[in-house]
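Novice:
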Amino acid sequence: MLQGEKVVLAYSGGLDTSVCLKWFEEQGATPYALYLDLGQGEPEVDVKVKALEIGAADAFVRDAREEFVEEYVAPAIKANALYGGRYPLFTALGRPLIAKKLVEAAREVGATSIAHGSTGKGNDQVRFDVTTASIAPDLKVVAPVRDLNMSRPEEMEYARERGIPVPATKESPYSVDANLWGRSIEAGPLEDPDHEPTPDVYEMTAEPEDAPDRPRYVEIGFTEGLPTSLDGRDLPLVDLIVELNSIVGEHGVGRIDMVEDRLVGIKSREIYEAPAATAIIQAHKELESLTLTKDVLRFKAGVEQRYAELTYDGLWFTPLKVALDAFVEETQRAVTGTVRLKLYKGSATVAGRTASKALYSKELATYDPNSTFDEAAAAGFIALWGLPARQWAGVHGGTEAAPGTLR
Ligand code: ARG
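In this note's numbering, the protein residues as written are 11 to 417.
Take a look at the structure:
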């Protein structure tokens, strides 16, 4: 069905996507490979050489770190986007960008399809397919791994027969996905939710018990909702995240072990490590508590949860998500200041916060007698605040008839 057509495949250099590449060629399609750097670390092979050897008509290697951080991570920071209140969504944020870059490459070479190596059990297939539908509805999306449903040994066999290099060393039992914003580890022994992850699972974070014995303080400076400095040094966001990953990871902070609800209905056990994301979102929330009104904070908490769900569910390029961005953006104008975190053996605690436009007022809050708070006004306020409760009690009787005690 792809005979004579051009297709652009998201290529990682690994077994799955190498098999896809070859398969496209055997279908009589003209495959192009696209490898994107989202800060996942250096690939083990020269992906361009490997893709061309397997049979790609051309192979593109592109650095998308800045675009990833500016267009995807930055809005997620402003929205404190955490799925299930915990997962910083790095994979979910990366997929719409990869899809967008696939579409761009497809336009460049005149392809009719884009392709990815997702399986049929995860969220990633949804994110690729729905993003493409949102931004390039004329393009087809092909997922050979899902559609062919090959097992790992079958893929190895297929690759060997065609001279595609297969992993020689004993394979890690884990399935890993990583970018600048975090790293996920799934499969193997981790599929038992009662199995404690062994230290070999982690790469970005130290074992808390092996972390330095002295705490490390780190000060994150924010400008209008985004981190702009570390310990007083201004840094571009990409560099700031890279540096913070190493500082925070060294202290064993940023590990997340959770059972999560996938969009396709499966509960899955996930191990994440996201040191910079954990610290930045914690600090950002802290600064918001100092600079935003009670009403905005309460309303935004609901927006944040919905925002995380839309991101998780592959709905990044949709009207609701864009509208929520506008709301969040408006709130961030006040979020400028610094937060000092204390990192110590797996924990990050807020040690201090400052903001030039802080809504906190010591004059009002102090228990000193010279407080500017008008305590006399409190009595009148409470009389009216409690009026409905008093009224109810008057009509229904006191304690015995209070709501919740009625039979
Ligand atoms: N559960 C996470 C998510 O859905 C991580 C998925 C990791 N993806 C992968 N292909 N290994 O966003």
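By construction, the Cβ of each residue, glycine as well, lies at the ideal position given by its N, Cα and C atoms.
Keep in mind that this is a model prediction, so the values were computed, not measured.
Under the three-state reduction of DSSP, which class applies to T376: helix, strand or coil?
Specialist: The count along the sequence shown starts at 1 and reaches residue 376 at position 366. Coil, per DSSP.
Novice: With DSSP as the reference, identify every bridge partner of F70, one or two as the case may be.
Specialist: Taking the first residue of the sequence shown as position 1, residue 70 is located at position 60. DSSP lists L44 as partners of F70.
Novice: DSSP state of N189, grouped into three classes?
Specialist: Residue numbering aside, residue 189 sits at position 179 when the sequence shown is read from its first letter. It is a strand residue.
Novice: Taking its Cβ as the centre, do 16 or more other Cβ atoms sit within 10 Å of P106, making it buried, or is it exposed?
Specialist: To locate residue 106, count along the sequence shown from 1; it is residue 96. So P106 counts as buried.
Novice: Does the distance from the C-beta atom of V228 to that of L245 stay below 8 Å?
Specialist: Mapped onto the sequence shown, residue 228 falls at position 218. Mapped onto the sequence shown, residue 245 falls at position 235. Not closer than 8 Å, so no.
Novice: So which of T27, F34, E76 and G24 has the shortest CA-CA distance to L48?
Specialist: Indexing the sequence shown from 1 puts residue 48 at position 38. That would be E76, whose Cα lies nearest to the Cα of L48.
Novice: Taking the alpha carbon of R72 as the point to measure from, which residue in K32, F100 and Y21 has its own alpha carbon closest?
Specialist: Walking along the sequence shown from the start, residue 72 turns up at place 62. Among K32, F100 and Y21, the Cα nearest to that of R72 belongs to Y21.
Novice: P177 by DSSP, collapsed to three states: which one?
Specialist: Translated into positions along the sequence shown, residue 177 becomes position 167. It is coil, neither helix nor strand.
Novice: How big is the Cα-Cα spacing for F391 and V405?
Specialist: Your numbering for residue 391 matches position 381 in the sequence shown. Your numbering for residue 405 matches position 395 in the sequence shown. Counting only the Cα atoms, V405 lies some 22 Å from F391.
Novice: Closer than 7 Å between the C-beta and any heavy atom of the ligand ARG: which residues qualify, listed along the chain?
Specialist: Proximity annotation: the ligand ARG has residues Y97, L99, T101, A102, S128, G132, N133, D134, S185, V186, D187, S194, E196, E270, R272, S278, E280 and Y322 in chain order, each selected because its CB is closer than 7 Å to a heavy atom of the ligand.
Novice: Give me the Cα-Cα distance between P53 and D204, rounded to the nearest whole angstrom.
Specialist: Locating residue 53 in the sequence shown gives position 43, where the first residue counts as 1. Locating residue 204 in the sequence shown gives position 194, where the first residue counts as 1. The alpha-carbon atoms of P53 and D204 are separated by roughly 32 Å.
Novice: V136: buried (16+ other C-beta within 10 angstroms of its C-beta) or exposed?
Specialist: Translated into positions along the sequence shown, residue 136 becomes position 126. It counts as buried.
Novice: What is the C-beta distance between V258 and T288, in whole angstroms, given that I count them as a contact (C-beta under 8 Å)?
Specialist: Counting from one through the sequence shown, the residue named residue 258 turns up at place 248. Counting from one through the sequence shown, the residue named residue 288 turns up at place 278. Correct: roughly 7 Å between the Cβ atoms.
Novice: Taking 8 Å as the cut-off, decide whether the C-beta atoms of L297 and A365 are in contact.
Specialist: The residue you call residue 297 lines up with position 287 of the sequence shown. The residue you call residue 365 lines up with position 355 of the sequence shown. Result yes, Cβ atoms of L297 and A365 sit closer than 8 Å.
Novice: Assuming K295 is part of the beta strand (DSSP E), what are its boundary residues?
Specialist: On the sequence shown, position 285 is the one that residue 295 refers to. Premise fails: K295 lies in the alpha helix (DSSP H), P285 to T301, not in any beta strand (DSSP E).
Novice: If you draw a straight line from the C-alpha of I281 to the C-alpha of G356, how long is it?
Specialist: If you number the sequence shown from 1, residue 281 lands on position 271. If you number the sequence shown from 1, residue 356 lands on position 346. Looking at the two C-alpha atoms, the distance is approximately 15 Å.
Novice: Specify, as a first and last residue, the run of the alpha helix (DSSP H) that F391 falls within.
Specialist: Residue mapping note: residue 391 aligns to position 381 of the sequence shown, counting from 1. Its alpha helix (DSSP H) spans residues E385 to W395.
Novice: Work out the CA separation of F327 and L19 for me, nearest whole Å.
Specialist: Taking the first residue of the sequence shown as position 1, residue 19 is located at position 9. Taking the first residue of the sequence shown as position 1, residue 327 is located at position 317. Straight-line Cα distance between these residues: approximately 21 Å.
Novice: Check whether the stretch 307-318 touches the stretch 85-105, taking contact to mean three or more Cβ pairs, one atom from each stretch, closer than 8 Å.
Specialist: With the rule of 3 Cβ pairs closer than 8 Å, the stretch 307-318 counts as touching the stretch 85-105.
Novice: Tell me whether I291 is buried or exposed, calling it buried when 16 or more other Cβ atoms sit within 10 Å of its Cβ.
Specialist: Along the sequence shown, one-based indexing puts residue 291 at 281. I291 is buried by the Cβ-count criterion.
Novice: If you compare alpha carbons, which of Y168, E167 and Y82 is closest to K110?
Specialist: By one-based count along the sequence shown, residue 110 stands at place 100. Ranking Y168, E167 and Y82 by Cα distance to K110 puts Y82 first.
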